[in-house]
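Colleague: The numbers in the working numbering rise by one with no breaks, and the one at position 156 of the sequence shown is 544.
Glycine residues also receive a C-beta, built at the ideal position from the N, C-alpha and C atoms.
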Amino acid sequence: MQENIIIAGKCTSAQAPVSWQQQLSQAIRDPNALCKRLGLSDQWLAGAHAGHLQFDICVPEAYLARIKANNPDDPLLRQVLPISDEMLTPHGYVTDPLEEADHLPVKGLIHKYANRVLLIASPNCAINCRYCFRRHFPYSDNSPSRAQWQEALDYLRGNTSIHEAILSGGDPLAANDRQLSWLVEQLESIPHLKRLRIHTRLPVVIPDRVDNDLLGWLSSTRLQKVVVLHINHANEIDQAVMDACTRLKQAGATLLNQSVLLRGVNDDVATLETLSERLFEAGVLPYYLHVLDPVQGAAHFNVPDDEARTLVTQLRDHLPGFLMPRLVREVPGRGSKTPL
Ligand code: SF4
389 MQENIIIAGK CTSAQAPVSW QQQLSQAIRD PNALCKRLGL SDQWLAGAHA
439 GHLQFDICVP EAYLARIKAN NPDDPLLRQV LPISDEMLTP HGYVTDPLEE
489 ADHLPVKGLI HKYANRVLLI ASPNCAINCR YCFRRHFPYS DNSPSRAQWQ
539 EALDYLRGNT SIHEAILSGG DPLAANDRQL SWLVEQLESI PHLKRLRIHT
589 RLPVVIPDRV DNDLLGWLSS TRLQKVVVLH INHANEIDQA VMDACTRLKQ
639 AGATLLNQSV LLRGVNDDVA TLETLSERLF EAGVLPYYLH VLDPVQGAAH
689 FNVPDDEART LVTQLRDHLP GFLMPRLVRE VPGRGSKTPL
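1. Taking 7 Å as the cut-off, is the C-beta of ILE416 nearer than that to any heavy atom in the ligand SF4?
2. For VAL598, which residues from the same chain have a beta carbon less than 7 Å from its beta carbon, with the 5 sequence-adjacent residues on both sides left out?
3. For the beta strand (DSSP E) containing GLN646, list its first residue and its last residue.
4. Kindly list the residues whose CB is nearer than 7 Å to the CB of LEU422, restricted to its own chain and excluding five residues on each side of it in sequence; keep chain order.
5. Count the other CB atoms, across all protein chains shown, that sit within 10 Å of the CB of ALA489; report buried if there are 16 or more and exposed otherwise.
6. Given this structure, state the Cα-to-Cα distance separating GLU718 from HIS499, to the nearest angstrom.
7. Using the Cα positions of SER533 and ILE554, report the straight-line distance between them to the nearest angstrom.
8. Can you check which of these residues, ARG504, LYS495, ASN600, is closest to TRP537 by C-alpha distance?
9. Rounded to whole angstroms, what's the CA-CA distance from PRO713 to TYR676? Just pull it up for me.
10. Is the beta carbon of LEU660 closer than 8 Å to that of LEU643?
11. Do you know offhand how far TRP408's Cα is from GLU624's?
12. Exposed or buried, which one is PRO720 when buried takes at least 16 other CB atoms within 10 Å?
13. What are the boundary residues of the alpha helix (DSSP H) that LEU603 is part of?
14. Given that a residue counts as buried once 16 or more other Cβ atoms are within 10 Å of its Cβ, and exposed if not, what is ALA457?
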């Protein structure tokens, strides 16, 4: 049997392109396979297995292709490879660092800020990022069925102060387009809703996700559209990601990016400068640079506040103001992000 090698959604054997769903189903989800695929020595296996037990590995081929083999310090690899440091339990690192459990008035809906709500449109992601602040989120309790969505929609209909619906997850674009199209139709029928915001990493992880089905419902909604991508390093932006961004813009979406400041990934001025420049080349404006949320298992990614402030001060000397992300922290209970 001929073996097909998937490269960013294309099949080397000149057969039909591989759909984003197939790419997702073929993602590496096994510590041994991930280490072997990237030429990592056995010393990484114990940490990879231990971390995987807490928060599953998931890395699709289109993202793996951007990771340099035989380099445990690769900034993209560090985002997806569990290491033994995830077992550390320093004081203050908890399972729900943003205390979201206190802001779930109905299933699948988080209402933390005035004028906007967040909908957990999908419990799944196309990639499992080791620093994720929702790595312990109880998705199984917050994955509404279509009938249960009515409760969230009734909450929105009854609250005329809400102008923006934010699709989140998981990754909202991990849901299928039939479901998303239905949900967006329901949202746009609510007169006081003006904006649809989508927080996603899927166009970065599997650029083929931005297909005609997605573009169909996105371009046809009356709601103003903002897509907030989550990109932490310029190496994540290859030509396929650039093309996906172009398609999203053509569908009428404003593209913003938020990054997390991560030790060993993007914690130096040159890397952050290159990221902002590359984002702009892709048509994306840098928006937020978050300090790490103190989630259990991710403490090794933390960059202390003083160092973060110094980095951003230095970065200002290298970038025009419109390419400067705002350095922020999310503090539980506050009505907006807190600038540092
Ligand atoms: S929610 Fe976002 S940051 Fe968290 S694992 Fe999924 S894609 Fe990564």
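Modeller: Let me lay it out:
1. The sequence position of residue 416 within the sequence shown is 28, counting from 1. Incorrect: ILE416 has no Cβ contact closer than 7 Å to the ligand SF4.
2. Working through the sequence shown from its first residue, we reach residue 598 at position 210. These residues qualify, in order along the chain: PRO591, ALA632, ARG635, LEU636.
3. Taking the sequence shown and counting its residues from 1, one reaches residue 646 at position 258. Element bounds for GLN646: 641-648.
4. To locate residue 422, count along the sequence shown from 1; it is residue 34. A distance below 7 Å between beta-carbons, with the five flanking residues on each side excluded, links LEU422 to the following residues of its chain, in chain order: ILE416, ALA436, ILE445, VAL447, LEU469.
5. Taking the first residue of the sequence shown as position 1, residue 489 is located at position 101. The C-beta of ALA489 has fewer than 16 other C-beta atoms within 10 Å across all chains shown, which makes the residue exposed.
6. Within the sequence shown, the letter at position 330 stands for residue 718. Within the sequence shown, the letter at position 111 stands for residue 499. One C-alpha to the other measures close to 14 Å.
7. Within the sequence shown, numbered from 1, the residue matching residue 533 stands at position 145. Within the sequence shown, numbered from 1, the residue matching residue 554 stands at position 166. Straight through space, the alpha carbons of ILE554 and SER533 are spaced by roughly 18 Å.
8. Numbered from its first residue, the sequence shown carries residue 537 at position 149. Sorting ARG504, LYS495, ASN600 by C-alpha distance to the C-alpha of TRP537 places LYS495 at the top.
9. Here residue 713 corresponds to residue number 325 of the sequence shown, with the count starting at 1. Here residue 676 corresponds to residue number 288 of the sequence shown, with the count starting at 1. The alpha-carbon separation between PRO713 and TYR676 amounts to approximately 5 Å.
10. Position 255 of the sequence shown, counted from the start, is the residue given in the question as residue 643. Position 272 of the sequence shown, counted from the start, is the residue given in the question as residue 660. No. Outside cutoff.
11. In the sequence shown, residue 408 corresponds to position 20, counting from 1. In the sequence shown, residue 624 corresponds to position 236, counting from 1. Cα to Cα, the separation comes out at about 17 Å.
12. Against the sequence shown, residue 720 aligns to sequence position 332. PRO720 should be labelled exposed.
13. One-based indexing of the sequence shown puts residue 603 at position 215. It spans 600-608 - the alpha helix (DSSP H) in which LEU603 sits, taken as one unbroken run.
14. The residue you call residue 457 lines up with position 69 of the sequence shown. Around the beta-carbon of ALA457, fewer than 16 other beta-carbon atoms lie within 10 Å, marking it exposed.
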